[in-house]
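With my numbering applied, the sequence shown corresponds to residues 23 to 416, in that order.
By construction, the Cβ of each residue, glycine as well, lies at the ideal position given by its N, Cα and C atoms.
These numbers were taken from a predicted model, which means no experiment stands behind them.
What follows is a set of notes on a single structure, which appears directly below.
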Amino acid sequence: MANRVFVAGVGMTKFEKPGSRDWDYPDMAREAGGAALADAGVGYDLVEQAFVGYVYGESTSGQRAVYELGLTGIPVVNVNNNCSTGSTALFLAAQAVRGGLADCVLALGFEKMQKGSLASTYDDREQPLMKHILALAELREFAAPPAPWMFGAAGREHMERYGTTVEQFAKIGEKNHRHSVNNPYAQFQDAYTLREILDAKEIYPPLTRLQCSPTSDGSGAAVIVSERFLERHDLAGKAVEIVGQSMVTDMTNTFTDAISIVGAKMTASAAEQVYSRAGIGPSDVDVIELHDCFSTNELITYEALGLCAEGEGGKLVDAGDTTYGGRWVVNPSGGLISKGHPLGATGLAQCAELTWQLRGSADNRQVDGAKVALQHNIGLGGAVVVTAYRPAER
23 MANRVFVAGV GMTKFEKPGS RDWDYPDMAR EAGGAALADA GVGYDLVEQA FVGYVYGEST
83 SGQRAVYELG LTGIPVVNVN NNCSTGSTAL FLAAQAVRGG LADCVLALGF EKMQKGSLAS
143 TYDDREQPLM KHILALAELR EFAAPPAPWM FGAAGREHME RYGTTVEQFA KIGEKNHRHS
203 VNNPYAQFQD AYTLREILDA KEIYPPLTRL QCSPTSDGSG AAVIVSERFL ERHDLAGKAV
263 EIVGQSMVTD MTNTFTDAIS IVGAKMTASA AEQVYSRAGI GPSDVDVIEL HDCFSTNELI
323 TYEALGLCAE GEGGKLVDAG DTTYGGRWVV NPSGGLISKG HPLGATGLAQ CAELTWQLRG
383 SADNRQVDGA KVALQHNIGL GGAVVVTAYR PAER
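This is how it looks when you write it as structure tokens:
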């Protein structure tokens, strides 16, 4: 029988524009990891394993990062899974506890990014996304940079298939920027009108600059523990339980259309598994942090998570069902679009936000009565991690 798994402590840095702060990834890890340990009320000496995620960096940067917290000889595993790296570290930490291999595990993610659009590091070998890019190029003429082209193409396919409008995608950008005003950890904390979102520089139609996640520096961390550890250290009052979790990678049906190429079918499969394991459905969820790398992906993900039927994401937007006062609050943190997107840290920042929401300690962005939370983090090339949480004490 699998062990129950709990998040006992979380921490993160403020997400920053690359180069705007004089720090390096060990500084980020010390800040976020130290905050998570302090939040849990445990010392690094009690941590038995660490899973450390980053996308851009040299081998064993994970060790160098956690050495800021202590030198105890524990196993440190470096994790890289594109934009889902942080949640992959979380998945592995939870797996170690669930399987009885450890009682206290640290999941940590960080990123120190270059300014501008994402670019490849090695040009003398096959690119991990080449299969996806070639499949999409058969459907849509290629445009650089690849990321907004891929997610923009998925949005255009959704518009053609279901009548979704440019304004509906822009409303998602408006919502997430508005939410971030109340998040001191967010890279951006400015609200914009819908007109300003629409009139911003076009990156790839229907996406404007204010509907795209920026490059960011920052770190996030979570302390993952067993029920036995939770009880021994009297941590249940602040802890949240991971009641369902799934990681899914690409399947043969990934390459059928633009929406699937950017991961919608992976998400749907992972969400179905999580709902089954947690014994919940979409209607039971109160607050969601999902991977809005672009506004088009947020809308597509509404449908993949089962918040509405396929093709009806735009109706959710127009009805105000994904903001305060609606059926769910999606991305109260501001999401990737406004909070920022340091690739290795994003999944753990989502975990931190949902932990605070379920504790009722999210200050001015608190979702009233939040009892069930859902997290979605995706990386093309590809992997998606979906996680459901409830308070440890219900």
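- For Gln372, the uninterrupted alpha helix (DSSP H) segment begins and ends at Thr368 to Arg381.
- Contact between Ala175 and Arg162 is confirmed by a C-beta separation of about 4 Å, below the 8 Å threshold.
- When DSSP states are grouped into helix, strand and coil, Ser360 belongs to the helix group.
- The three-state reading of DSSP puts Gln149 in coil, since its state is none of H, G, I, E or B.
- DSSP, reduced to helix, strand and coil, places Pro354 outside both helices and strands of the structure shown, so it counts as coil.
- Taking the Cβ atoms as the reference, Val265 lies roughly 21 Å from Leu128, outside the contact range of under 8 Å.
- For Gly328, the CB contacts under 7 Å within the same chain, skipping 5 residues up- and downstream, are Ala293 and Pro304 in chain order.
- Separation of Thr271 and Ala341 (C-alpha to C-alpha, rounded to the nearest whole angstrom) is 32 Å.
- Less than 9 Å separates the beta-carbon of Ala371 from that of Gly242.
- With contact defined as three or more Cβ pairs closer than 8 Å, the segment 61-73 and the segment 400-411 are not in contact.
- Taking 9 Å as the cut-off, the beta carbon of Thr344 is found no closer than this to the beta carbon of Pro228.
- Shortest Cα-Cα distance from Leu396 to any of Lys337, Gln295, Gly362 and Leu365 involves Gln295.
- Spanning the alpha carbons of Ala57 and Ile359 requires a straight line of approximately 24 Å.
- Spatial neighbours of Val408 in its own chain (CB-CB distance under 6 Å, excluding positions within 5 residues in sequence) are listed in chain order as Ser268, Ala292, Ala293, Val296 and His398.
- Segment contact: the segment 145-165 against the segment 44-51, fewer than three CB-CB distances shorter than 8 Å; contact not assigned.
- The alpha-carbon of Gln211 is positioned some 35 Å away from that of Asp279.
- Sorting Pro168, Ile310, Ser235 and Val309 by C-alpha distance to the C-alpha of Lys39 places Ser235 at the top.
- Closest in alpha carbon position to Arg86, among Ala414, Gly301 and Arg52, is Arg52.
- In this chain, the beta strand (DSSP E) harbouring Glu311 covers Val309 to Glu311.
- Of the residues assessed, Ala300 falls on the buried side of the cut-off, its CB having 16 or more other CB atoms within 10 angstroms.
- If you ignore the 5 residues before and after Thr323, its C-beta comes within less than 7 Å of the C-beta of Thr289, Leu312, His313 and His398, all in its own chain and listed in chain order.
- In the DSSP assignment, Gln71 forms a beta bridge with Val127.
- Secondary structure within the segment 176-248: the beta strand (DSSP E) runs of 3 or more consecutive residues, fully enclosed, are 224-226 and 240-248 (chain order).
- The beta carbon of Pro150 sits closer than 7 Å to the beta carbons of Gly403 from its chain, once the five residues preceding and following it are set aside; these are given in chain order.
- Contact check between the segment 359-369 and the segment 73-87: three or more CB pairs, one atom from each, fall below 8 Å, which counts as touching.
- Comparing alpha carbon positions, the residue from Gly348, Phe28 and Glu332 closest to Arg412 is Phe28.
- Remark: C-beta atoms of Lys393 and Leu376 do not approach each other more closely than 9 Å.
- Restricting attention to Gly31, Gly391 and Gly357, the CA atom closest to the CA of Pro206 is found in Gly357.
- Cβ-Cβ separation between Ile96 and Val69: approximately 6 Å, consistent with a contact (criterion under 8 Å).
- The three-state secondary structure of Gly266, taken from DSSP, is strand.
- Taking 8 Å as the upper bound for CB-CB distance, Ile219 and Thr230 are in contact here, some 6 Å apart.
- When DSSP assignments are scanned along the segment 25-87, the uninterrupted stretches of beta strand (DSSP E) that are 3 or more residues long and fall wholly within it turn out to be 27-34 and 71-75.
- From the listed residues Ala410, Ala286 and Ala261, the smallest Cα separation to Ser383 is found for Ala261.
- DSSP places Tyr346 outside both helix and strand once states are collapsed to three, so it counts as coil.
- In terms of CA proximity to Lys287, Ala326 leads the group Asp306, Asp385, Ala326 and Phe316.
- No Cβ-Cβ contact shorter than 9 Å links Ala213 with Leu130.
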